[in-house]
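Engineer:
Residue numbers (our numbering), protein chains in the order written: chain A, 86 to 419; chain B, 48 to 324.
#1: Where residue 345 of chain A and residue 365 of chain A are concerned, what is the direct C-alpha to C-alpha distance, given to the nearest angstrom?
#2: Between residue 324 of chain B and chain A, is the shortest Cβ-Cβ distance under 8 Å, so that the two count as touching?
#3: Does the region 177-194 of chain A come into contact with the region 141-153 of chain A, if we say contact requires no fewer than three beta-carbon pairs (one atom in each stretch) closer than 8 Å?
#4: Grab me the residues of residue 138 of chain B's own chain with a C-beta within less than 7 Å of its C-beta, minus the 5 sequence neighbours each way, in chain order.
#5: Would you list the one or two residues that DSSP bridges to residue 72 of chain B?
#6: Distance, Cα to Cα, residue 212 of chain A vs residue 187 of chain B?
#7: Less than 8 Å between the CB atoms is what I'm expecting for residue 258 of chain A and residue 281 of chain A, so what's the real figure, rounded?
#8: How about residue 215 of chain B: is its C-beta nearer than 8 Å to some C-beta of chain A?
#9: Looking at chain A, is there any beta carbon in it that lies within less than 8 Å of the beta carbon of residue 321 of chain B?
#10: What number of angstroms, rounded off, separates the C-alpha of residue 118 of chain A from the C-alpha of residue 311 of chain A?
#11: In three-state terms, what does DSSP make of residue 98 of chain B?
#12: Which residue marks the beginning of the alpha helix (DSSP H) containing residue 323 of chain A, and which one marks its end?
#13: Residues in the same chain with beta-carbon distance under 7 Å from residue 128 of chain A, minus the five sequence neighbours each way, listed in chain order, please.
#14: Are the C-beta atoms of residue 188 of chain A and some chain B residue less than 8 Å apart?
#15: Return the chain-ordered list of same chain residues with a C-beta closer than 7 Å to the C-beta of residue 203 of chain A, the five sequence neighbours on each side being excluded.
#16: Where are the alpha helix (DSSP H) runs, 4 residues long or more, that stay fully inside the region 124-192 of chain A, in chain order?
#17: Express the C-alpha separation of residue 197 of chain A and residue 190 of chain A in angstroms, rounding to a whole number.
#18: Out of curiosity, what's the CA-to-CA distance linking residue 169 of chain A and residue 291 of chain A?
#19: May I ask you to list, following chain order, the residues of the region 231-242 of chain A that have a beta carbon less than 8 Å from some beta carbon of chain B?
#20: Answer yes or no: do residue 340 of chain A and residue 319 of chain A have a C-beta to C-beta separation smaller than 8 Å?
#21: Can you give me the C-alpha to C-alpha distance between residue 321 of chain B and residue 380 of chain A, rounded to a whole angstrom?
#22: When the Cα atoms are used, what is the spatial distance from residue 111 of chain A to residue 143 of chain B?
#23: Quick check on the burial criterion: 16 or more other C-beta atoms within 10 angstroms. Buried or exposed for residue 219 of chain B?
#24: Tell me residue 117 of chain A's beta-bridge partners as DSSP assigns them.
#25: Cβ closer than 7 Å: which chain A residues qualify as neighbours of residue 239 of chain B?
#26: Alpha carbon to alpha carbon, what distance is there between residue 141 of chain B and residue 164 of chain B?
#27: Going along chain B in order, which residues have a C-beta closer than 7 Å to the C-beta of residue 166 of chain A?
#28: Any idea if residue 135 of chain B is buried or exposed, counting beta-carbon neighbours within 10 angstroms, 16 or more meaning buried?
#29: Output the distance between the C-alpha atoms of residue 303 of chain B and residue 168 of chain B, rounded to the nearest integer angstrom.
#30: Is there contact between the region 270-280 of chain B and the region 119-135 of chain B, where contact requires at least three CB pairs shorter than 8 Å?
#31: Against chain A, with Cβ distances strictly below 8 Å, would residue 145 of chain B count as a contact?
#32: Scan the region 307-329 of chain A for residues whose Cβ lies nearer than 7 Å to a Cβ of chain B and list them as they occur along the chain.
#33: Within 8 Å, do at least three Cβ pairs link the region 251-263 of chain B to the region 81-94 of chain B?
#34: For a contact defined as C-beta to C-beta under 8 Å, what are the partners of residue 157 of chain A on chain E?
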């Protein structure tokens with residue numbers, strides 16, 4: 086079990102309120118990702134759930150038990166830190182065994198669990214090394230091993246992959262997802278990387294300045310962003326946001342159209358523009374097109390390699406049913 | 048290139064020579080003291096006998112026979128050891144709290160602690176003597192242990208605070224998640240990780256306790272008198288007993304010099320407050 090509920094939780098540091106009153110429920114077995122720009126309060130929120138920070142007010146309820154005043158060690162949660170936070174003076178074996186030793190578990194039982202965790206994480210050859218002798222990816226695996234042996238009701242990940250290089254990050258992402266599929270345990274994952282959020286989450290919680298902007302599945306957020314912030318934050322490359330007369334024609338203050346929803350047509354396009362920089366990825370082509378009457382250049386994504394170069398004229402047509410409309414208050418208009 | 052080469056060649060010779068000169072200047076009084084301790088009182092006052100004299104152990108024999116050197120030495124060991132332990136017992140939790148749970152006042156508290164070292168000791172000498180006599184603590188081991196601890200606490204807390212600050216807070220928090228209470232954090236994580244820093248702090252505090260003279264001389268007579276008191280007791284205004292005084296001094300500083308010699312590396316680390324790693 087691992088249902089986590091936040092009821093009207095707030096957090097202030099001195100006079101600064103970093104989390105205004107906030108409600109959130111994470112269901113048992115869910116993979117929830119907190120995402121937002123740096124300083125949005127996502128790590129603070131995770132630390133409040135962990136118990137490493139005290140709530141200024143409100144309640145945290147895990148499996149129907151109010152744990153607001155319960156110390157971190159008694160909440161039944163395991164955390165994986167960005168810096169790995171391994172005990173540098175202990176071998177890998179002792180690091181993984183540590184939480185079990187704290188539970189005063191029988192030594193034979195500890196050995197069995199450590200070996201099982203080490204086998205599943207490919208750490209058997211490193212059990213007697215110190216963390217300092219391991220690579221970044223191996224250290225992160227040890228940190229995960231230390232978390233899984235406890236059999237926690239939920240895992241908390243605080244930007245666990247930010248210290249790894251890009252290739253390793255993709256690999257570890259898959260490992261964490263497989264772990265989730267295998268264990269079916271609640272996981273809360275904090276990241277500033279929206280691609281990580283989109284690829285991993287069952288439920289994404291988008292935060293800005295301590296406020297939840299939207300909660301939903303990755304595709305809900307992609308298809309129906311609740312406001313301009315979510316619209317601009319989710320999706321890569323970013324959604325094109327267009328104001329002025331063009332938006333007015335659609336009865337909105339701002340309209341948004343994703344790069345993949347603008348088609349390049351041979352003639353009779355809605356907009357004509359001049360190609361600026363274009364990025365050829367092979368599988369896709371990203372064009373940055375200047376259109377008269379639109380302030381910022383439009384990003385257009387086309388499948389395959391399109392033969393365009395700087396200065397070419399192109400005709401563009403946005404797909405009518407993929408245009409997102411936003412009012413003056415920044416909220417979505419249906 | 049030639050100029051640079053010449054310059055480095057010069058530095059390679061000049062700096063070691065300078066270092067040796069400075070070291071010899073510092074070492075000279077100690078060497079003089081040790082040499083004098085093997086001279087008779089008569090020879091000791093004659094400069095022409097600086098190096099050429101007939102060595103004698105008379106002063107050392109005299110010291111153990113007449114002055115009960117071992118009692119003073121025992122008191123020095125007891126007070127220094129217990130004061131060092133007590134200092135660490137108070138300073139470790141104190142520095143832990145300030146390093147990992149700092150509040151707005153932490154910096155001010157640290158400065159205030161340091162400021163107590165700026166108070167002239169003489170200002171509180173008479174109140175201390177009257178109060179300790181009234182409380183029946185004068186000339187007791189307990190009093191000396193307390194006084195030595197209090198004198199050294201600020202420096203010990205500062206040193207340990209600096210070492211503890213170097214330990215990432217994440218590791219302590221990982222410990223909290225893994226089931227440690229506060230005492231567990233100190234025992235399982237803090238002490239093992241800061242072991243080098245704690246050892247050099249302990250060593251330095253021990254040396255300061257051993258060498259302390261101002262309070263140990265004035266707050267003791269016989270029962271709790273340390274080696275500093277023995278040296279003080281052998282000081283004669285006429286200056287006729289230089290040999291004997293030197294022997295006492297050599298025997299007093301000997302153990303600590305030997306200890307310091309063996310722990311040089313730790314000491315240098317301690318004195319630079321963790322700045323050199």
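Ideal Cβ positions, reconstructed from N, Cα and C, are used throughout, including at glycine.
Structural biologist: Looking at the atomic coordinates:
#1: Residue mapping note: residue 345 of chain A aligns to position 260 of the first chain, counting from 1. Residue mapping note: residue 365 of chain A aligns to position 280 of the first chain, counting from 1. Using only the alpha carbons, I get a separation of about 15 Å.
#2: As a position in the second chain, residue 324 of chain B is number 277, starting the count at 1. Unreliable positioning characterises residue 324 of chain B in this predicted model, as indicated by a pLDDT of 33, which lies under 50. The coordinate reading is nonetheless provided below. Residue 324 of chain B does not count as touching chain A.
#3: Cβ pair count under 8 Å is below three, so no.
#4: On the second chain, residue 138 of chain B is found 91 positions in, with the first residue counted as 1. Closer than 7 Å at the Cβ level, and outside the excluded window around residue 138 of chain B, lie 200, 203, 204 and 207.
#5: Residue 72 of chain B sits at position 25 when you count from the first residue of the second chain. The bridge partners DSSP lists for residue 72 of chain B come to none.
#6: Locating residue 212 of chain A in the first chain gives position 127, counting from the first residue. Locating residue 187 of chain B in the second chain gives position 140, counting from the first residue. Residue 212 of chain A and residue 187 of chain B: Cα-Cα distance of roughly 54 Å.
#7: Residue 258 of chain A sits at position 173 when you count from the first residue of the first chain. Residue 281 of chain A sits at position 196 when you count from the first residue of the first chain. With a Cβ gap of about 7 Å, residue 258 of chain A and residue 281 of chain A count as contacting.
#8: As a working note, residue 215 of chain B is residue 168 in the second chain. For residue 215 of chain B, the answer is yes, since a Cβ of chain A falls inside 8 Å of its Cβ.
#9: For the purposes of this step, residue 321 of chain B is taken as residue 274 along the second chain, with counting starting at 1. A caution first: residue 321 of chain B carries a pLDDT of 42, below 50, which makes its placement in the model too unreliable to give a value.
#10: Translated into the one-based positions of the first chain, residue 118 of chain A becomes position 33. Translated into the one-based positions of the first chain, residue 311 of chain A becomes position 226. The straight-line gap from Cα to Cα measures roughly 17 Å.
#11: If you number the second chain from 1, residue 98 of chain B lands on position 51. Collapsing the DSSP output to three states places residue 98 of chain B in coil.
#12: Taking the first residue of the first chain as 1, we reach residue 323 of chain A at position 238. Careful: residue 323 of chain A lies outside any alpha helix (DSSP H) and carries neither H nor E.
#13: In the first chain, the residue the question calls residue 128 of chain A occupies position 43. If we look at residue 128 of chain A and ignore the five residues flanking it on each side, its Cβ neighbours are 243 and 275.
#14: For the purposes of this step, residue 188 of chain A is taken as residue 103 along the first chain, with counting starting at 1. At least one chain B Cβ lies under 8 Å of residue 188 of chain A.
#15: Numbered from its first residue, the first chain carries residue 203 of chain A at position 118. By the criterion of a C-beta distance shorter than 7 Å, residue 203 of chain A is surrounded in its chain by 181, 209, 212 and 230, once the five residues flanking it on both sides are discounted.
#16: DSSP runs (the alpha helix (DSSP H)) wholly in the region 124-192 of chain A: 127-135 and 177-187.
#17: Along the first chain, one-based indexing puts residue 190 of chain A at 105. Along the first chain, one-based indexing puts residue 197 of chain A at 112. Spanning the alpha carbons of residue 190 of chain A and residue 197 of chain A requires a straight line of approximately 11 Å.
#18: Here residue 169 of chain A refers to the residue found at position 84 when the first chain is read from its first residue. Here residue 291 of chain A refers to the residue found at position 206 when the first chain is read from its first residue. Going from the Cα of residue 169 of chain A to the Cα of residue 291 of chain A covers about 24 Å.
#19: Under the 8 Å Cβ criterion, the region 231-242 of chain A contributes 231 and 235.
#20: Along the first chain, one-based indexing puts residue 340 of chain A at 255. Along the first chain, one-based indexing puts residue 319 of chain A at 234. Their beta carbons are not under 8 Å apart, which means residue 340 of chain A does not touch residue 319 of chain A by this criterion.
#21: Residue numbering aside, residue 321 of chain B sits at position 274 when the second chain is read from its first letter. Residue numbering aside, residue 380 of chain A sits at position 295 when the first chain is read from its first letter. Low confidence applies to residue 321 of chain B: its pLDDT is 42, below 50, so where it sits in the model is not reliable, and the reading given next is rough at best. Roughly 56 Å between the two C-alpha positions.
#22: The count along the first chain starts at 1 and reaches residue 111 of chain A at position 26. The count along the second chain starts at 1 and reaches residue 143 of chain B at position 96. About 35 Å.
#23: By 1-based counting over the second chain, the position of residue 219 of chain B is 172. Looking at its Cβ environment, which holds 16 or more other Cβ atoms inside 10 Å, residue 219 of chain B is buried.
#24: Looking up residue 117 of chain A in the first chain gives position 32. Partner residues in the beta bridge of residue 117 of chain A, as assigned by DSSP, are A:273 and A:288.
#25: Taking the first residue of the second chain as 1, we reach residue 239 of chain B at position 192. Under the 7 Å cutoff, chain A gives 174.
#26: Reading the second chain from its first residue, position 117 is the one you call residue 164 of chain B. Reading the second chain from its first residue, position 94 is the one you call residue 141 of chain B. Using only the alpha carbons, I get a separation of about 18 Å.
#27: Within the first chain, residue 166 of chain A is the residue found at index 81, counting from 1. Within chain B, the residues near residue 166 of chain A are 217 and 221.
#28: Position 88 of the second chain holds residue 135 of chain B. Classification of residue 135 of chain B: buried, given that the 10 Å Cβ count is 16 or more.
#29: As a first step, residue 303 of chain B must be located in the second chain, where it is residue number 256. As a first step, residue 168 of chain B must be located in the second chain, where it is residue number 121. Distance between the alpha carbons of residue 303 of chain B and residue 168 of chain B: 24 Å.
#30: Segments in contact, yes.
#31: Position 98 of the second chain, counting from 1, holds the residue named residue 145 of chain B. Residue 145 of chain B does not count as touching chain A.
#32: Residues passing the 7 Å Cβ filter: none.
#33: Contact fails: fewer than three Cβ-Cβ distances are below 8 Å.
#34: Any reference to chain E falls outside this structure, whose protein chains are A and B.
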